[in-house]
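Taking it in order: structure first as structure tokens, then the write-up.
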Amino acid sequence: MFNEEQQKAIETIKGQLILVACPGSGKTTTLLGRIHEMIQQGVPAENILMVTFTTAAAGEMKQRFWKKYAEDGMVTFCTIHSFCLATLKKFAHFDAECVLATGDIYEFFFQQLVRHKEIVDKVEYIKALLLDIAVCKNSMCPLAQFEPNCGEKELFDELFKAYENWKDALGKIDYDDMLLKAYELMKNDKTCLEWLQERYQYIQIDEFQDTNYLQRDILYLLAGENGNIAVVGDDDQSIYGFRGAKPEIMLKFAEHYPNAVSLHLSMNYRSDRKIIECASNLIHHNKERFDKEFLASHEEEGIVHHQTYNDIDAEQRGLVKMILEKKMSMDEYRNTSILYRTNKEAVQVSDLLITEKIPFWCTEPIQDKYDHWIYRDILSYHKLGNGIGNKMDLNRILNHPQRFLFDSRFFKTDGSLKQLMHVAATLPDGKWKRSKAMDSVEDMFYLFKKLEDKNPVDTLKILESFGRYKIFLHDYAEYRNMSPGELYFYWNSYKADAEKHNDWKEWDAYVRKHKIILQEQLRKHDGIALSTLHRSKGLEWDRVYILNCVKNTIPFAKQGTVEDLEEERRLFYVGCTRAKKELQLLSYQGNSGEISPFIKELKSSESDTGDKVDLDVHLKY
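So the sequence shown is numbered by UniProt numbering: it starts at 1 and just counts up by one.
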């Protein structure tokens, strides 16, 4: 039932254990078997705590345990957050109503951002802001020392402080406060800590490579210096650094617990031999990791194939052609995935699959590209240029590109040239700024005039040249600490679509139809799985396609340090190890792309002195 490595882990009950598990090694089966072994040895089920990092994983693990070991009793399966909330309920008189709803948090920040007209994508900004707040808290970093990714430091600090004051006034906490307050309670309330340590005498922690500093301190405090704690994970799959996860926590477990037993699960029951060999070569280029062996359970060699094209459009068409040539059954579609680095890449892929009537679903919501604020800007310019725009359209594009028309009175006019010029002429900022504002208003109305009676293609050409819109996208991306390519992607996609439609009525009909078809397809939840590399973790398919294996995408453009590059390599490793039988890697080169260095690394490890893996490579134009 269990292999030798698994059995040894199952039988190591007392003291501290670190179990390093390679992909597809039966980690969950081993963890559940270990809990069963504890109970067989006389450990009461209520004294066992099984911690993992998502509610879904905790629920699935609990269900699997009850199904297999129904007679074993009530083991606690939970996330670190639910454990902390339960602790606060018992010892600090918190209840579920103390936790702020996500909708209320977003509403608070929307109100805070009303006066910040420069922030266009408020939903995305708030999402990034909340992630930064979470990382700041979970890394226990003082606010003054924290460098946010969402945008300017000054605005981040202002919003962070306002948010904390608002919560205090309401007597509420958020998701991250659960951990902070539980940690403070456990550290300062001896009765609380002693009760928890008496209750949970045996602790197992799954996905330990995704732990942050605050979570680590809570778990180590709970276990104590000599407690029974087993941590399980794969340092090679630590991919959540952007959320504050620190792979070095797992790497340094034995420093905190010098008597810890270290075991490995090396046998991969998921992937065929060649896939394992290539993935092993890749990850051996990382320095900060446990040295480990990768063994293949399957005798089949499997397929690893790299195909490169002369541009991204040819790559996308090549993907569809490869899928259609296989003439897949519905079951084969279900056992196939298309993986990519960022969620925006799903937009173009989904369009092509819809066109070719290939069934698909997505592991996370796909934003229709026509719901993006850039497309709304294009529509507003078109309406204003043809006399059918309204006040909302004007306010939307007033500073797209930057015109420095920020005085609140600009947003309260009727939208006429006369009223806007009056506001510009009466600004309290001095003669030069008044003159500059008046010139900006005149230039804007001249742009509207140029857009009159223009078809979609010409409208976008005018916005890009005379309207300086693409320059605005570059500047806004820099302000938001994004890669400009993330916004250029949408602009270029709209340009390509505009060329297919003769007039605005025709394009509008296409947009409406596109929305309906995309919504219907995603509701079916069947067919080929579309997923980011991050969301693919923990999943597996017979056949995996990884798109855009090009520099600045894989690895991502924003990586700068050695640590960032190693995380990008781990992320690509996660994607490669989702494949059971076939791994197809697609890239493009030429003026628009350069093949990812990770492709070369798949062929041989940095320390390899033997024969290199023969990775099939084909160039198609």
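All C-beta atoms in this analysis are idealised placements derived from N, C-alpha and C, irrespective of residue type, glycine included.
- Distance between THR363 and THR342, taken at the CA atoms: about 13 Å.
- CA-CA distance, ILE338 to GLY593, rounds to 20 Å.
- Per the coordinates, the alpha-carbon of LEU427 lies some 58 Å from the alpha-carbon of LEU219.
- In this structure, the beta-carbon distance from THR30 to THR55 does not fall below 8 Å.
- Three or more Cβ pairs closer than 8 Å define a contact, and the stretch 470–477 meets that threshold against the stretch 393–412.
- Note that the stretch 507–518 does not touch the stretch 552–567; fewer than 3 beta-carbon pairs, one per stretch, sit closer than 8 Å.
- In the structure shown, ARG270 adopts coil according to DSSP, grouped into three states.
- The three-state secondary structure of GLY42, taken from DSSP, is coil.
- Per DSSP, HIS525 is not a residue of any alpha helix (DSSP H), being assigned neither H nor E.
- Around the beta carbon of MET74, a 10 Å sphere encloses fewer than 16 other beta carbons of the protein chains shown; the residue is thus reported as exposed.
- The residue among ASP564, ASP393 and LYS357 with its C-alpha nearest the C-alpha of ILE517 is LYS357.
- A straight-line Cα-Cα distance of about 21 Å links ILE18 and GLY241.
- Here GLY59 carries a helix assignment [DSSP, helix/strand/coil].
- Taking a contact as a CB-CB distance under 8 Å, the pair ASP272 and GLY302 counts as one, their CB atoms being some 3 Å apart.
- Of the candidates TRP361, TYR69, LYS62 and PHE156, the residue whose Cα lies closest to the Cα of LYS524 is TRP361.
- Within the stretch 124–196, the alpha helix (DSSP H) runs of at least 4 residues that lie entirely inside it are, in chain order, 153–170 and 175–188.
- Linking TYR200 to HIS298 through their CA atoms gives a straight-line distance of about 39 Å.
- Judged by DSSP in its simplified three-state form, ILE462 adopts helix.
- Across the structure, GLU46 and THR76 are spaced so that their CA atoms are roughly 7 Å apart.
- A residue is called buried when at least 16 other Cβ atoms come within 10 angstroms of its Cβ; VAL349 meets this threshold and is buried.
- Between the alpha carbons of CYS22 and LEU265 lies a distance of about 6 Å.
- Across the structure, LEU451 and TYR381 are spaced so that their CA atoms are roughly 8 Å apart.
- Relative to the Cα of ALA182, the nearest Cα in the group SER440, LYS127 and LYS89 belongs to LYS89.
- When C-beta atoms of the stretch 567–587 are compared with those of the stretch 531–539, three or more pairs fall below 8 Å, so the two segments count as touching.
- Put simply, the stretch 89–107 touches the stretch 167–185. At least three CB pairs are less than 8 Å apart.
- In the structure shown, the three-state DSSP call for MET50 is strand.
- At the C-beta level, LEU130 and LYS122 stay beyond 8 Å of one another.
- Scanning the stretch 534–598 from its first residue to its last, the whole alpha helix (DSSP H) runs of 4-plus residues come out as 562–576.
- Scanning its chain for C-beta atoms nearer than 6 Å, with the 5 sequence neighbours on each side dropped, one finds around ARG216 the residues ILE249, in chain order.
- With the rule of 3 Cβ pairs closer than 8 Å, the stretch 475–485 does not count as touching the stretch 411–419.
- Secondary structure of TYR106 (DSSP, three-state): helix.
- The beta carbons of ASP132 and PHE156 sit closer together than 8 Å.
- CA-CA distance, LEU282 to GLN40, rounds to 41 Å.
- Judged by beta-carbon spacing, PHE91 lies beyond the 8 Å limit of ASP177, meaning their Cβ atoms are not closer than that value.
- A distance below 8 Å separates the beta carbons of GLN16 and ASN259.
- Rounded to the nearest angstrom, the gap between the Cα atoms of ASP542 and LEU583 is 9 Å.
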